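Visitor:
2 protein chains.
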Amino acid sequence: MSQSFAKKTFKSIKGKAQKALHRSLDQHVKLAVTGLSGSGKTAFITALVKHLTTQADDKNLPFFDVMREHRHVATKVVPQEALKVPTFNYTRALSSLLPSDGMPTWPASTERINTLRLAIKYQSNAGLRGHFSPQSTLYLDIIDYPGEWLLDLPMLEQSYSQWCEQQYPLLTQPSRVNTSSDFLAAVEQLDLNAPVDENALAHIAQLYQSMLVGLKKDTKLAMLQPGRMLMPGDLQGAPLLLFFPVSGEINSDDVVAGSNLAHLIKRFNAYIKEVVKPFYNEHFRHFDRQIVLVDVLSALNEGHETLQEQSSVINQLLAHFNYGESGFFKRLFKPNIDKILFAANKSDHISAKHHKDLALLLDSLVHEQSNHLKFDGVQIETMAMSSITATQPRQITDKGQTLDCIYGKPLNEPDWLTYLPPQPPKRMLNKSEWPAQGFEFLSFSPMPSPDKQLKHIRLDHVMQYLLGDKLT
Amino acid sequence: MSQSFAKKTFKSIKGKAQKALHRSLDQHVKLAVTGLSGSGKTAFITALVKHLTTQADDKNLPFFDVMREHRHVATKVVPQEALKVPTFNYTRALSSLLPSDGMPTWPASTERINTLRLAIKYQSNAGLRGHFSPQSTLYLDIIDYPGEWLLDLPMLEQSYSQWCEQQYPLLTQPSRVNTSSDFLAAVEQLDLNAPVDENALAHIAQLYQSMLVGLKKDTKLAMLQPGRMLMPGDLQGAPLLLFFPVSGEINSDDVVAGSNLAHLIKRFNAYIKEVVKPFYNEHFRHFDRQIVLVDVLSALNEGHETLQEQSSVINQLLAHFNYGESGFFKRLFKPNIDKILFAANKSDHISAKHHKDLALLLDSLVHEQSNHLKFDGVQIETMAMSSITATQPRQITDKGQTLDCIYGKPLNEPDWLTYLPPQPPKRMLNKSEWPAQGFEFLSFSPMPSPDKQLKHIRLDHVMQYLLGDKLT
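If you're matching them up, the sequences are chains D and G in order. The working numbering numbers the first residue of the first sequence as 277 and each following residue consecutively. The working numbering numbers the first residue of the second sequence as 277 and each following residue consecutively.
Encoded structure:
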């Protein structure tokens with residue numbers, strides 16, 4: 277009896293151990309997908325899901341180890357844990373890219389946070405894992421959120437006065453002054469020390485909001501704060517969104533109680549406390565990996581100032597990941613992010629031989645201050661890629677010269693076109709180096725696909741960088 | 277020196293006492309304004325603000341003591357404390373009721389929570405208060421929220437299974453079956469024990485949502501749950517809003533893990549925990565007074581079943597206020613509400629001599645179970661009133677008989693009309709007592725007002741009931 281008992285116990289322990297091991301093998305990764313609006317977040321997620329589900333093979337994704345090694349079993353969408361966060365609408369996005377009839381269109385951009393969970397079942401490749409548990413599952417939570425929310429990050433460390441010092445001068449710059457003039461005129465009329473006039477504050481805040489929306493639409497400038505003003509959702513009309521920067525020095529000791537200024541400060545602080553912090557607390561601190569999609573080509577189209585500002589914003593964000601264990605951001609949110617990928621999307625919009633230039637350019641934007649940056653255990657990578665290729669390469673011979681063109685249907689135009697795109701610069705240019713004629717990269721409609729397959733450029737590299745080590 | 281010190285101290289103490297007393301005299305009242313959509317919440321709040329600010333006098337508000345006694349000094353809108361809650365847009369509402377040119381229209385109904393703070397400065401009427409502090413201020417926070425949210429209250433006490441038992445049979449009733457048939461057909465095809473099919477659940481949830489929206493629009497039925505499905509805001513597309521009732525008995529022990537049923541239960545529970553409870557925690561528990569606006573006339577127009585359902589819903593809600601100190605609701609939220617007013621709005625749409633009938637009818641709806649109800653220190657009152665009168669009384673003599681008619685411009689019709697409205701019943705009618713031809717009360721556009729004044733019926737009584745004791 278004691279033998280049998282020992283045997284049972286041993287069996288039970290072995291069972292438990294295997295179960296525990298198995299549990300630890302079912303890994304979870306939270307991937308944050310972000311980028312300014314128009315950078316292709318929705319297309320990226322749609323492509324990621326499509327290639328992991330119905331297009332998952334080694335021919336399609338040769339640089340994704342789990343595919344090349346034929347260890348991928350199957351991937352499917354499974355119910356998400358975060359029931360309060362809207363689900364990424366994969367079906368809708370896919371049907372606009374692969375419609376049953378008619379021309380494909382880019383999926384509508386989402387302006388809210390949303391999520392999708394994938395279960396990736398795979399064969400472990402060796403050793404202990406392979407021995408005990410031939411199949412493991414990686415649960416991948418994809419969290420898509422507006423890049424504008426990320427740009428509120430630096431505000432966490434600022435007082436209202438510091439924020440004004442940074443933001444107000446921006447509004448008088450040549451790139452903004454056309455759009456900002458109404459706001460500037462109104463804010464100059466405001467007596468900061470007068471008793472609060474809620475209607476006046478609401479009116480000026482509305483001008484400020486229109487200005488931000490206008491700048492986002494027309495200039496692709498990146499430094500637009502507060503980010504929620506661009507997509508307020510349920511907060512539309514709430515006082516904490518009705519603030520704006522003012523000019524001049526603010527001495528916090530001199531603020532008159534109940535004045536316009538006192539209320540602007542109160543609202544700024546409430547925005548930080550009730551909107552920005554909760555977002556980072558509820559979501560950001562749980563992210564494991566982050567991809568930041570950057571539409572470098574559109575920024576090049578807009579000109580030197582826009583590209584410069586994108587670079588400066590990215591570097592500001594990087595600086596926040598970089599404060600070390602004792603830094604403000606780390607102390608506040610204890611983020612888990614160990615890998616960040618900056619991806620120059622839409623590389624199919626240039627010639628294949630210039631993809632490398634695009635990657636180098638993005639690298640120079642991100643690493644502008646690389647000497648000053650040291651990332652505590654966070655890996656940073658840059659790539660040029662295309663989630664969904666909208667063009668085909670075409671070689672044209674012109675006067676004995678071979679030109680690497682692309683063929684596609686420019687957005688909002690009726691006819692297909694073979695076109696020689698400009699070469700992007702390999703690094704950030706000075707203002708004096710900027711070509712007088714500027715850059716003009718076209719935008720393209722998605723390619724029709726009779727076989728219902730999406731095509732990509734280097735999405736497999738992206739997958740390998742972001743997920744490869746979790747699928748070994 | 278010691279004398280002077282004593283003198284100073286005495287002065288200082290006196291100063292402090294006066295200050296402390298003054299502080300305690302500046303009272304705060306949080307008034308919750310609710311009612312099903314279309315019941316006139318926006319019009320009520322607009323009228324309340326208008327009559328307290330630019331129309332505040334004893335002739336206009338004779339039954340509001342503070343006005344009759346000429347103790348009202350001034351009322352103004354002041355900044356609200358809750359910066360995350362959208363501000364009630366008084367300016368917009370007023371300008372649709374009193375446009376600078378063109379015909380007035382009813383203000384757009386708000387579908388979210390919103391708030392407005394008034395500071396009511398008044399003269400205390402007697403005694404200690406009058407002596408020390410000739411002027412006091414009552415801060416009135418008006419919180420306007422969709423009545424549909426209130427209707428989720430009973431769900432707090434239900435399991436998913438209990439909720440289904442109550443809701444599913446409703447959907448097969450004659451009043452609903454036309455609108456619910458698509459949903460019912462789809463839900464019958466769902467295999468509850470099959471592994472979760474998120475697309476199927478989302479599809480059926482969408483049918484359920486369309487059905488609720490349709491019922492709200494076409495039938496004015498009151499029992500529509502979950503309330504947030506009717507106005508999801510930022511929660512649109514979140515799994516916790518993608519649930520619906522199913523038929524048959526649910527034994528919680530038999531629920532298959534990972535099944536469709538398991539996920540419906542999970543979502544129902546998440547809805548209660550993450551949407552309903554937080555609303556009551558953040559807002560409801562802080563309310564002091566509540567007015568529930570009821571559009572009794574529209575319910576009469578819809579017929580016996582709708583009126584019956586409104587009555588049953590109101591009684592369900594009352595029952596929740598009635599559970600005593602040890603009751604579920606009291607334990608959970610510790611509400612402070614000490615006065616509730618049920619107001620039959622739009623009484624200007626019937627003849628003045630029938631206003632009393634309307635009040636009696638509402639009273640019979642509310643007090644249907646009055647023998648069973650005992651309110652722990654909560655006062656309940658019913659009134660017939662009109663926040664903004666849209667008609668004028670007209671006496672017409674027809675064949676020697678004097679008829680009490682009303683004169684106004686029916687909604688969506690070009691011509692003005694003198695019209696004899698039907699008499700509302702004095703109490704809830706049985707189905708057999710219901711007149712064969714039903715009831716037909718007209719709806720009217722707001723009256724143009726060249727002098728920019730709003731007119732009301734018994735709004736002063738409402739103010740006195742809700743605020744009179746705080747302004748003594």
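Glycine residues also receive a C-beta, built at the ideal position from the N, C-alpha and C atoms. Remember, it's a predicted structure, so these values are computed and weren't measured experimentally.
#1: Going by DSSP, which residues form a beta bridge with I548 of chain D?
#2: For K728 of chain G and chain D, any beta-carbon pair shorter than 8 Å?
#3: Mind pulling the chain D residues with CB within less than 8 Å of N365 of chain G?
#4: Consider the Cβ of L374 of chain D: report whether some Cβ of chain G lies at a distance smaller than 8 Å.
#5: Tell me which residue opens and which closes the alpha helix (DSSP H) that S412 of chain G is part of.
#6: Residues of chain D with a CB under 8 Å from the CB of L516 of chain G: which are they?
#7: Just checking, does the segment 525-540 of chain G make contact with the segment 464-477 of chain G on the three C-beta pairs under 8 Å criterion?
#8: Counting only beta-carbon atoms, is N647 of chain G nearer than 8 Å to chain D?
#9: Three or more beta-carbon pairs under 8 Å between the segment 693-710 of chain D and the segment 625-644 of chain D, yes or no?
#10: Do you know how far the Cα of F340 of chain G is from the Cα of D334 of chain G?
#11: Pull up the distance between the alpha-carbon of L634 of chain G and that of L307 of chain D, whole angstroms please.
#12: Figure out for me which residue from D:T367, D:F560, D:L730 and D:V572 has the closest Cα to the Cα of Q699 of chain D.
#13: If you pair each beta-carbon of the segment 318-335 of chain G with each one of the segment 432-445 of chain G, do three or more pairs fall below 8 Å?
#14: Under 8 Å, do E722 of chain D and W425 of chain D count as touching if we go by C-beta distance?
#15: Using a Cβ-Cβ cutoff of 8 Å, what residues of the segment 472-485 of chain G are near chain D? List them in chain order.
#16: Scan the segment 336-356 of chain G for residues whose Cβ lies nearer than 9 Å to a Cβ of chain D and list them as they occur along the chain.
#17: Between the C-alpha atoms of H304 of chain D and A546 of chain G, what's the straight-line distance to the nearest angstrom?
#18: Find out if the Cβ-Cβ distance for the pair T310 of chain G, Q566 of chain G is shorter than 8 Å.
#19: Straight-line CA distance for K728 of chain D to I548 of chain D?
#20: Grab me the residues of K650 of chain G's own chain with a C-beta within less than 6 Å of its C-beta, minus the 5 sequence neighbours each way, in chain order.
#21: Check the Cβ of N390 of chain G against every Cβ in chain D and list those closer than 8 Å, keeping chain order.
#22: Using the Cβ count rule (16 or more neighbours within 10 Å means buried), how would you classify N612 of chain D?
#23: Can you list the residues of chain D that R543 of chain G reaches, using a CB-CB cut of under 8 Å?
#24: Does D266 of chain G come within less than 8 Å of chain D when only Cβ atoms are used?
#25: Using a 10 Å radius around the Cβ and a threshold of 16 neighbouring Cβ atoms, would you call R504 of chain D buried or exposed?
#26: Taking E709 of chain D as the query, report the chain G residues whose CB atoms sit under 8 Å from its CB, ordered along the chain.
#27: Would you call the segment 349-368 of chain D and the segment 391-398 of chain D touching, i.e. three or more CB-CB distances under 8 Å?
#28: What number of angstroms, rounded off, separates the C-alpha of Q584 of chain D from the C-alpha of W439 of chain D?
#29: What number of angstroms, rounded off, separates the C-alpha of S587 of chain G from the C-alpha of F717 of chain G?
#30: To the nearest whole angstrom, what separates the beta carbons of F320 of chain D and Y436 of chain D, a pair I think is in contact under 8 Å?
#31: Please confirm whether G503 of chain G has its beta-carbon closer than 8 Å to some beta-carbon of chain D.
#32: Answer yes or no: do I656 of chain G and Q668 of chain G have a C-beta to C-beta separation smaller than 8 Å?
#33: Use the C-beta contact count for K496 of chain D: other C-beta atoms within 10 angstroms, 16 or more gives buried, fewer gives exposed.
#34: Determine the extent of the beta strand (DSSP E) in which A395 of chain G is found, giving its start and end residues.
#35: Measure the beta-carbon distance from V349 of chain D to Q411 of chain D and round it to whole angstroms, keeping in mind my assumption that it falls under 8 Å.
#36: Given V463 of chain G, which residues of its chain have a CB within under 7 Å of its CB, disregarding the five upstream and five downstream residues?
Guide: From the atom records:
#1: Taking the first residue of the first sequence as position 1, residue 548 of chain D is located at position 272. Answer by DSSP bridge pairing: none, since I548 of chain D is not bridged.
#2: The residue labelled residue 728 of chain G in the question sits at position 452 within the second sequence. It does not; no Cβ of chain D falls within 8 Å.
#3: Locating residue 365 of chain G in the second sequence gives position 89, counting from the first residue. Result: G513.
#4: Here the question's residue 374 of chain D lines up with position 98 in the first sequence. No, because no Cβ of chain G sits closer than 8 Å to the Cβ of L374 of chain D.
#5: Along the second sequence, one-based indexing puts residue 412 of chain G at 136. That residue, S412 of chain G, is in no alpha helix (DSSP H); its beta strand (DSSP E) goes Q411 to D420.
#6: Numbered from 1 along the second sequence, position 240 holds the residue referred to as residue 516 of chain G. Here the neighbours are L359 and K360.
#7: yes
#8: On the second sequence, residue 647 of chain G is found 371 positions in, with the first residue counted as 1. A caution first: N647 of chain G carries a pLDDT of 46, below 50, which makes its placement in the model too unreliable to give a value.
#9: yes
#10: Within the second sequence, residue 334 of chain G is the residue found at index 58, counting from 1. Within the second sequence, residue 340 of chain G is the residue found at index 64, counting from 1. One C-alpha to the other measures close to 8 Å.
#11: Counted from its first residue, the second sequence places residue 634 of chain G at position 358. Counted from its first residue, the first sequence places residue 307 of chain D at position 31. The alpha-carbon atoms of L634 of chain G and L307 of chain D are separated by roughly 60 Å.
#12: Indexing the first sequence from 1 puts residue 699 of chain D at position 423. Closest by alpha carbon: D:V572.
#13: no
#14: Sequence index remark: in the first sequence, residue 722 of chain D carries index 446 (1-based). Sequence index remark: in the first sequence, residue 425 of chain D carries index 149 (1-based). According to the sequence displayed, residue 722 of chain D carries Pro and not Glu. The answer is no: Cβ separation not under 8 Å.
#15: V472, E474, N475 and A478
#16: V353, V354, P355 and Q356
#17: Mapped onto the first sequence, residue 304 of chain D falls at position 28. Mapped onto the second sequence, residue 546 of chain G falls at position 270. Approximately 22 Å between the Cα atoms of the pair.
#18: For the purposes of this step, residue 310 of chain G is identified with residue 34 of the second sequence, where counting begins at 1. For the purposes of this step, residue 566 of chain G is identified with residue 290 of the second sequence, where counting begins at 1. In contact: T310 of chain G and Q566 of chain G (Cβ atoms closer than 8 Å).
#19: Here residue 728 of chain D refers to the residue found at position 452 of the first sequence. Here residue 548 of chain D refers to the residue found at position 272 of the first sequence. K728 of chain D and I548 of chain D: Cα-Cα distance of roughly 45 Å.
#20: The residue labelled residue 650 of chain G in the question sits at position 374 within the second sequence. Note that K650 of chain G scores a pLDDT of 49, beneath 50, so its modelled location is shaky and nothing firm can be said.
#21: Translated into the one-based positions of the second sequence, residue 390 of chain G becomes position 114. What N390 of chain G touches in chain D: G513.
#22: As a working note, residue 612 of chain D is residue 336 in the first sequence. Under this definition N612 of chain D is an exposed residue.
#23: Taking the second sequence and counting its residues from 1, the one referred to as residue 543 of chain G is at position 267. Ordered by position in chain D, the residues that pass the 8 Å Cβ test against R543 of chain G are L359.
#24: No information on residue 266 of chain G is available, as it lies outside the stretch 277 to 748 that chain G covers here.
#25: Working through the first sequence from its first residue, we reach residue 504 of chain D at position 228. By the 10 Å Cβ count, R504 of chain D comes out buried.
#26: Translated into the one-based positions of the first sequence, residue 709 of chain D becomes position 433. By Cβ distance, chain G contributes nothing, its closest Cβ being about 45 Å from E709 of chain D, past 8 Å.
#27: yes
#28: Along the first sequence, one-based indexing puts residue 584 of chain D at 308. Along the first sequence, one-based indexing puts residue 439 of chain D at 163. Straight-line Cα distance between these residues: approximately 20 Å.
#29: Within the second sequence, residue 587 of chain G is the residue found at index 311, counting from 1. Within the second sequence, residue 717 of chain G is the residue found at index 441, counting from 1. If you take the alpha carbons of S587 of chain G and F717 of chain G, they lie about 19 Å apart.
#30: Working through the first sequence from its first residue, we reach residue 320 of chain D at position 44. Working through the first sequence from its first residue, we reach residue 436 of chain D at position 160. In fact, because the Cβ distance is near 36 Å, the residues do not count as touching under 8 Å.
#31: For the purposes of this step, residue 503 of chain G is identified with residue 227 of the second sequence, where counting begins at 1. It does not: the Cβ of G503 of chain G has no partner Cβ on chain D nearer than 8 Å.
#32: Within the second sequence, numbered from 1, the residue matching residue 656 of chain G stands at position 380. Within the second sequence, numbered from 1, the residue matching residue 668 of chain G stands at position 392. It is not a contact, given that the beta carbons lie outside the stated cut-off.
#33: Start at 1 with the first residue of the first sequence, and residue 496 of chain D comes out as number 220. Buried, because 16 or more other Cβ atoms sit within 10 Å of the Cβ of K496 of chain D.
#34: Taking the first residue of the second sequence as position 1, residue 395 of chain G is located at position 119. That run of the beta strand (DSSP E) goes N390 to Q399.
#35: Against the first sequence, residue 349 of chain D aligns to sequence position 73. Against the first sequence, residue 411 of chain D aligns to sequence position 135. Their Cβ separation, rounded to whole angstroms, is 6 Å, which keeps V349 of chain D and Q411 of chain D in contact under 8 Å.
#36: Position 187 of the second sequence, counted from the first residue, corresponds to residue 463 of chain G. Contacts found: I480, F520 and V522.
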